[in-house]
Structure formats: structure tokens, C-alpha cells
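> Mind looking over this structure? Questions follow.
Protein chains in written order, with the working numbering: chain P, 83 to 202; chain Z, 944 to 1163.
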């Protein structure tokens, strides 16, 4: 995984979002990470510590919401959460499966300080 | 506290550029294949073996990707093909923006079929859309028949798996059925070919696969 370059993208998006609202201080960055996204949270936190310095997120923190791995069977429409990367329908055994959720890497929302003087 | 909804994917930056690449290639009727494997599995040798069979049918272009050197591009250049070498410095995979820049260095107007040879790596290239029409991966039979489940993402994302260096099967303990079975477990839609660049075994089937893929992908 490339947590450092993911963090660079994350901070660029967060800075833009904060700037649009006229805020220069981000308290919380709420992330939705899929169970199968492959992101290493410790590496992401470390990258954040290093790269957030000098940005609007410098004094903020990351929050993580895990999105479960869910697949649906193309044959019988049964939804299930597989234990491994081998996708099989738990009901009918079909190998024809679609991923519904579990690979997300999303910045859901950020929390900024209400008391910011703001840039208007 | 004031909540600002963002709803942005962290990979959006690469995806946006990949979309641009895809549109540019589609607009010119160019079909592009992203070739991936571990280092030394035979990507460049495969291109060198394949190009003579394709030259008369297609206008070919190649983008090469390596950390350092233009050795691979030089091998392609010797065959008279338009080729550009990306040297990533230290980056372990090609990404859409590198390919975007490389596309400017080729005469796209004169290309029908573009091969993008990725950096040798069974892990990272799978995570980066380049704007290609399909992914072809190589696993040489000297690498071990247990690799599909150890590196699932690349197998899951590929259209075709080429088992290369089959001329060496007698010299290694590679269980072809096991490797195929496990690769298909991960990706039931995966097509699989067996090949040897040295003996030419399987090259015809590979060429037929290319022909079929090219017309299915709307090659002009």
C-alpha cells in the first residue's frame, strides 16, 4: 500500500474543503475504509503525523470507520460477507459474485472549529 | 464543531488521470494492454517474441516502465517499434500520470495497439489504473505454484494469465494444475495460456488472444 501518497492526496482534498468554508483549522478527518481496502491504518497515522505539519490539519486527528466486505450473488441475489478473497455464494455456491462494499478509501467528512474567525 | 461533507475517494487523483488517458486512447481507436509480473518473469522477452508476429497486422507502440535504465526500451527499439521508456527513479509501479506524460512522447496517431510494460512487481501495479483496456499478467513457472493466493489482487484484476517458461517444467516443482486452480478460485473469469518465449510454444494462442481482444475492445 502507498499510505504516504494516499495521505498527500487526503491532505490536498482536506485543505481545499477547509479553504472553501473559510476555516484554517481542521479537528477531525473522518475516513471510511473498506475491510478489503488494503490500507494499513498505522502507516496512514504515521504518514498523517509527518505530512500534516504546516497544514490546516496539523492539530487534528484521523477517525476511522470500517466498511464491511459484502458481496452479492449474481445467480440467487444472496448477500454475504466472505472470510477470504475467494468469493463464493454461501447459499448456492456460485462463483459469479459482485462486490457491494469493502474496498472503500473515502474521506467522508471533516470537522472544523466553529469559532474560526474564517476568511469569509 | 462544524461538519463539512467531503465524500471523496483517496484514489480519485489517479483515477481522474486514468480516465483522461482512457478517453484519449479510445478517441484515437487505440487498444492498450497493461503487462504486469514479478521482475524477470519475461514481460520484455514476450514483447520481443510477439512483435514480429504483430508488426504486419497492427501499428504498434510500447511504453516501458522501470526504476532505472532504458534497457527494455532499447530491446524494443531494435525491432523498429515506437517506444518510450519511463524511469520512475524509485517508484515501484507505473501510475496514470506517468503514462499520461509518456503518451505525449509517442506518435499516437500512428498507433493501433499499445503495450504498457509495467514495473516488475507482483504487488503495487495492480492498485493503479493506467487507462488501459485490459491487464495481462505473467507468472513464470520458476516462481512457484503457490503465488496466486499470496498475491491475489493482481490475479483478480487480470483478463489473462500467461504461465511462461514452460520449457523449464522438468527442472522445477511447479504443479500447473494447482496454480491454475488457485488462480481461477480468485478470478473465475481469468483466461490462462501456457507459453515459452524461447521455444515459441503457445505463441500462436497468445497472438489469437490478442486478435480477439483487439476486436472485442473496438480497435479501429
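Every residue gets a Cβ at the ideal spot worked out from N, C-alpha and C, and that includes glycine.
All values reported here derive from a predicted model rather than from experimental measurement.
What is the DSSP secondary structure of residue 956 of chain Z, reduced to helix, strand or coil?
One-based indexing of the second chain puts residue 956 of chain Z at position 13. It is helical.
> Could you have a look at residue 89 of chain P and say whether DSSP puts it in helix, strand or coil?
Locating residue 89 of chain P in the first chain gives position 7, counting from the first residue. Looking at residue 89 of chain P - three-state DSSP - the assignment turns out to be helix.
> Taking Cβ-Cβ distances below 7 Å as the criterion, which residues of the region 85-108 of chain P are in contact with chain Z?
From the region 85-108 of chain P, only 88, 91, 92, 95, 99 and 103 have a Cβ closer than 7 Å to chain Z.
> Are the CB atoms of residue 1081 of chain Z and residue 998 of chain Z nearer to each other than 8 Å?
As a working note, residue 1081 of chain Z is residue 138 in the second chain. As a working note, residue 998 of chain Z is residue 55 in the second chain. Going by C-beta atoms, residue 1081 of chain Z is not nearer than 8 Å to residue 998 of chain Z.
> With respect to the alpha helix (DSSP H) encompassing residue 126 of chain P, which residues constitute its N-terminal and C-terminal limits?
Taking the first residue of the first chain as position 1, residue 126 of chain P is located at position 44. First-last of the alpha helix (DSSP H) with residue 126 of chain P: 123-133.
> Just to confirm, are residue 1125 of chain Z and residue 1092 of chain Z a CB contact at a threshold of 8 Å?
For the purposes of this step, residue 1125 of chain Z is taken as the residue at position 182 of the second chain. For the purposes of this step, residue 1092 of chain Z is taken as the residue at position 149 of the second chain. Yes, the pair counts as a contact, with Cβ atoms nearer than the cut-off.
> Output the distance between the C-alpha atoms of residue 202 of chain P and residue 195 of chain P, rounded to the nearest integer angstrom.
As a working mapping, residue 202 of chain P is identified with position 120 in the first chain. As a working mapping, residue 195 of chain P is identified with position 113 in the first chain. Because the pLDDT of residue 202 of chain P is 45, which lies under 50, any placement of that residue in the model is unreliable, and the number read from its coordinates should be weighed accordingly. Their backbone Cα atoms lie some 14 Å apart in a straight line.
> Taking C-beta pairs closer than 9 Å, name the residues in chain Z that residue 188 of chain P reaches, listed in chain order.
Locating residue 188 of chain P in the first chain gives position 106, where the first residue counts as 1. By Cβ distance, chain Z contributes 949, 950, 951, 952 and 953.
> Can you list, in chain order, the residues of its chain whose CB lies under 8 Å from that of residue 176 of chain P, leaving out five sequence neighbours each side?
Residue numbering aside, residue 176 of chain P sits at position 94 when the first chain is read from its first letter. Counting only Cβ-Cβ distances below 8 Å, and skipping sequence neighbours, we find 155, 156, 157, 158 and 170.
> Starting from residue 147 of chain P and walking both ways along the beta strand (DSSP E), at which residues does that stretch end?
On the first chain, position 65 is the one that residue 147 of chain P refers to. 143-149 is the extent of the beta strand (DSSP E) around residue 147 of chain P.
> If we define contact as Cβ-Cβ less than 8 Å, is residue 133 of chain P a contact residue for chain Z?
Indexing the first chain from 1 puts residue 133 of chain P at position 51. Not one chain Z Cβ lies under 8 Å of residue 133 of chain P.
> Using only CA atoms, which one of Z:1001, Z:1061 and Z:1104 lies nearest to residue 1024 of chain Z?
For the purposes of this step, residue 1024 of chain Z is taken as the residue at position 81 of the second chain. Nearest option by C-alpha distance: Z:1001.
> Say whether chain P places a C-beta atom closer than 8 Å to the C-beta of residue 1135 of chain Z.
Reading the second chain from its first residue, position 192 is the one you call residue 1135 of chain Z. Judged by the 8 Å Cβ criterion, residue 1135 of chain Z is not in contact with chain P.
> Scan the region 959-1014 of chain Z and note each continuous beta strand (DSSP E) run of 3 residues or more that stays entirely inside, going in chain order.
Within the region 959-1014 of chain Z, the complete beta strand (DSSP E) runs of at least 3 residues are 974-980 and 1003-1009.
> Determine whether the Cβ of residue 956 of chain Z lies closer than 8 Å to any Cβ atom of chain P.
For this step, residue 956 of chain Z is matched to residue 13 along the second chain. Output row for residue 956 of chain Z: interface = yes.
> What residues of chain Z sit near residue 177 of chain P, judged by a beta carbon separation below 7 Å?
Working through the first chain from its first residue, we reach residue 177 of chain P at position 95. Ordered by position in chain Z, the residues that pass the 7 Å Cβ test against residue 177 of chain P are 1131.
> How would you label residue 121 of chain P, buried or exposed, when you count the other beta carbons within 10 angstroms and need 16 or more for buried?
Position 39 of the first chain holds residue 121 of chain P. Its Cβ being crowded by 16 or more others within 10 Å, residue 121 of chain P is buried.
> Ends of the alpha helix (DSSP H) at residue 1166 of chain Z?
One cannot answer for residue 1166 of chain Z here, as it falls past the ends of chain Z, which runs 944 to 1163.
> Would residue 1229 of chain Z pass as an interface residue toward chain P - the criterion being a Cβ-Cβ separation below 8 Å?
Nothing can be reported for residue 1229 of chain Z, as the shown portion of chain Z is limited to 944 through 1163.
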